[in-house]
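Chains as they are written, first to last, in numbering that gives the first Met the number 0: chain A, 0 to 121; chain B, 0 to 284. Glycine included, C-beta positions come from ideal geometry on N, C-alpha and C.
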Amino acid sequence: MHEPEQLPALVNDDDWLVHRGRYVDTTFLLEVGDTPYLVRIHKGRIESLARGPFVMPRWTFALRADREAWEKFWEPVPEPGFHDVMALIKFRRLTLEGDQHPFMANLLYFKDVLARLRGGAQ
Amino acid sequence: MTEAMFEPIIGRYVGLELLRKHHRLYIEEAGQGIPLVCLHTAGADTRQFRALLNDPEVLENFRVIAFDLPYHGKSSPPEGWQEGEYQLTSRDYVDIVMTVCEALGLERPVVMGCSIGGRIVLHLALEHAAEFRALIGLQSGAHVDPYYNLEWLHRPDVHGGEVCAGIVSGLVAPTAPEAGRWETLWHYMQGGPGVFKGDLHFYKVDGDIRDRVAEIDTSVCPLYLLSGEYDYSCTPDDTRNLAHLVKGAQMTIMKGMGHFPMSEDPESFLSYLRPVLREISGGAA
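Structure below.
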């Protein structure tokens, strides 16, 4: 898997993905085990990604799962049950919190953004 | 000059009375022999079965028939649809399938349904087993636990087509060919407002038959269950539980397959289906 720090480059270098997220303007929390990341998106581009811990984080929605679940999700060909965010939710491995509207209104975009960390160095 | 390459599929409209209202249903068919009626998934339409409707081996011995449920594909809703919310119930769904089979004069057809279609074949097995030669449930389970808020599927501030495709995109196996994946999702992007959600009323609320499936008698009508390993809506375990409860049901878990076997990876799906059809037709392909 790629490390979450690589996410801005992996997303911003893909013009079509950025275009598909052109109405997204939000900050979300990505929690990988004990490590939280704040991801700020403007017009489909990731403007910043900050690694916690944070004292007073502000976000619109949060995706929280343990590291093992994310690592399986980010394998090049994930095993059944770990291959999609909704699958992780169904099997109670991931929680989606906060205002889900931007996430649901741009669901295919966010699924592709998160899947960008698939592959990379093992 | 480019020559037109026509497929063997014939598409027609049929007018008929369903649920005490006039309907105009869209029906596709190809092949000859044993009638094989195909039921599409929630929020989609008959285009999901186009590979099956084009398979020369299957068409040699089966008359493959697929129809769009009312509100789906080219089957428009009945007059007055604008006055209320669309909600599919098990009662209505059974009535629709039985009425179509009767109207077409099908004699003991095979019915194969996927997802909601895979659930309704269980209702058919319980209530009308003697009227069918065999039943095939794809992604078939007796119940599905809701795992997201269905309200997201139909509200004016979220694009219905995009969110429906987004919800089901993970149900396609990650190993599916890209063309099959995105054709499957396109069908979801084209659904009418609230239709996928209305179908799921049957799937998640009304059609729970866990306490009845043990009564299915496979000696009257054989039941085949084929499920994809990547499906987290109807999971392989859901199908295993069902097969455990229904004595004589034949189960296959399909590797590298998700919730939409016939459209996400048609070639691989046909390799699982052809032996089942051979068995049903008594050895012929």
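Anticipated Cβ contact below 8 Å, residue i with residue j, distance rounded
i: Phe109 (chain A); j: Ala61 (chain A); result: Not a contact, Cβ separation roughly 13 Å.
i: Ser114 (chain B); j: Ala41 (chain B); result: 6 Å
i: Ser74 (chain B); j: His39 (chain B); result: Not really, about 11 Å apart at Cβ, beyond 8 Å.
i: Ser280 (chain B); j: Asn60 (chain B); result: 5 Å
i: Val157 (chain B); j: Met103 (chain A); result: 6 Å
i: Pro34 (chain B); j: Ile9 (chain B); result: That pair is no contact at about 14 Å.
Residue i Cβ short of 7 Å to the ligand MG heavy atom set
i: Tyr25 (chain B); result: This structure simply doesn't include the ligand MG, nor any ligand for that matter.
Inter-residue spacing [alpha-carbon to alpha-carbon] between residue i and residue j
i: His82 (chain A); j: Glu78 (chain B); result: 42 Å
i: Leu37 (chain A); j: Arg63 (chain A); result: 12 Å
i: Pro173 (chain B); j: Ile252 (chain B); result: 16 Å
i: Cys163 (chain B); j: His127 (chain B); result: 32 Å
i: His1 (chain A); j: Ala8 (chain A); result: 11 Å
i: Pro101 (chain A); j: Phe66 (chain B); result: 36 Å
i: Ser168 (chain B); j: Pro274 (chain B); result: 28 Å
i: Arg198 (chain B); j: Asp14 (chain A); result: In the sequence on display, residue 198 (chain B) carries Asp and not Arg. Using only the alpha carbons, I get a separation of about 36 Å.
i: Leu121 (chain B); j: Leu95 (chain A); result: 34 Å
i: Asp202 (chain B); j: Leu87 (chain B); result: Checking the sequence shown, residue 202 (chain B) turns out to be Tyr, not Asp. Cα to Cα, the separation comes out at about 9 Å.
i: Gly32 (chain A); j: Arg57 (chain A); result: 19 Å
i: Met188 (chain B); j: Leu103 (chain B); result: 30 Å
i: Tyr12 (chain B); j: Ile26 (chain B); result: 6 Å
i: Gly190 (chain B); j: Glu46 (chain A); result: 35 Å
i: Leu6 (chain A); j: Leu116 (chain A); result: 7 Å
i: Leu48 (chain A); j: Leu170 (chain B); result: 29 Å
i: Val245 (chain B); j: Trp151 (chain B); result: 35 Å
i: Ala284 (chain B); j: Ser267 (chain B); result: Unreliable placement is indicated for Ala284 (chain B), whose pLDDT of 45 sits below 50; no coordinate value is reported for it.
i: Val17 (chain A); j: Ala114 (chain A); result: 14 Å
i: Asp144 (chain B); j: Tyr92 (chain B); result: 20 Å
i: Thr59 (chain A); j: Pro52 (chain A); result: 17 Å
i: Gly43 (chain A); j: Asp111 (chain A); result: 12 Å
i: Gly206 (chain B); j: Asp216 (chain B); result: 19 Å
i: Ala68 (chain A); j: Leu87 (chain A); result: 8 Å
i: Pro79 (chain A); j: Arg91 (chain A); result: 14 Å
i: Asp98 (chain A); j: Gly30 (chain B); result: 51 Å
i: Pro77 (chain A); j: Gly118 (chain A); result: 10 Å
i: Thr25 (chain A); j: His41 (chain A); result: 7 Å
i: Glu278 (chain B); j: Gly14 (chain B); result: 34 Å
i: His71 (chain B); j: Asn148 (chain B); result: 22 Å
i: Arg19 (chain A); j: Trp181 (chain B); result: 16 Å
i: Gln81 (chain B); j: Leu17 (chain B); result: 18 Å
i: Glu4 (chain A); j: Leu272 (chain B); result: 45 Å
i: Cys100 (chain B); j: Phe72 (chain A); result: 44 Å
Contact under 8 Å by Cβ, residue i with residue j
i: Ala141 (chain B); j: Val36 (chain B); result: no
i: Leu222 (chain B); j: Val57 (chain B); result: no
i: Ala133 (chain B); j: Met261 (chain B); result: no
i: His186 (chain B); j: Asp44 (chain B); result: yes
i: Lys89 (chain A); j: Tyr146 (chain B); result: yes
i: Ile225 (chain B); j: Leu137 (chain B); result: Checking the sequence shown, residue 225 (chain B) turns out to be Leu, not Ile. Yes, they are a contact pair.
i: Gly117 (chain B); j: Ser139 (chain B); result: yes
i: Cys233 (chain B); j: Ala124 (chain B); result: no
i: Val110 (chain B); j: Val96 (chain B); result: yes
i: Pro192 (chain B); j: Gly159 (chain B); result: yes
Burial state of residue i (16 or more Cβ within 10 Å)
i: Thr1 (chain B); result: exposed
i: Met4 (chain B); result: exposed
i: Gln121 (chain A); result: With a pLDDT of 49 at Gln121 (chain A), under the threshold of 50, the predicted position of this residue should be treated as unreliable, though the coordinate-derived value follows. The residue in question, Gln121 (chain A), is exposed, as its Cβ has fewer than 16 Cβ neighbours within 10 Å.
i: Asp236 (chain B); result: exposed
i: Ala129 (chain B); result: exposed
i: Thr34 (chain A); result: exposed
i: Pro265 (chain B); result: buried
i: Val10 (chain A); result: buried
i: Tyr22 (chain A); result: exposed
i: His243 (chain B); result: exposed
i: Leu196 (chain B); result: One point to set straight first is that residue 196 (chain B) is Lys, not Leu, in the sequence displayed. By the 10 Å Cβ count, Lys196 (chain B) comes out buried.
i: Trp105 (chain A); result: Reading off the sequence shown, one finds Asn at residue 105 (chain A), where the question assumed Trp. The residue is buried, with at least 16 neighbouring Cβ atoms inside 10 Å.
i: Pro155 (chain B); result: exposed
i: Ala248 (chain B); result: buried
i: Arg107 (chain B); result: exposed
i: Glu6 (chain B); result: exposed
Contact residues within the stretch 148-160 of chain B, judged by C-beta distance below 9 Å to chain A: Asn148, Trp151, Asp156, Val157 and His158
Residues of the stretch 65-94 of chain A whose Cβ lies closer than 8 Å to any Cβ of chain B, in chain order: Val76, Pro77, Pro79, Gly80, His82, Asp83, Val84, Met85, Ala86, Ile88, Lys89 and Phe90
Residues from the stretch 250-272 of chain B in contact with chain A, defined by Cβ distance under 8 Å: none
Contact list for the stretch 172-183 of chain B against chain A, Cβ threshold 7 Å: Look at the stretch 172-183 of chain B: the residues with a C-beta under 7 Å from a C-beta of chain A are Pro173 and Thr174.
Near-chain A residues of the stretch 206-237 of chain B (beta-carbon distance less than 7 Å), N- to C-terminal order: Legend: CB atoms of the stretch 206-237 of chain B lying less than 7 Å from CB atoms of chain A belong to residues Glu228, Tyr229 and Tyr231.
Contact list for the stretch 103-120 of chain A against chain B, Cβ threshold 7 Å: Met103, Ala104, Leu106, Leu107 and Lys110
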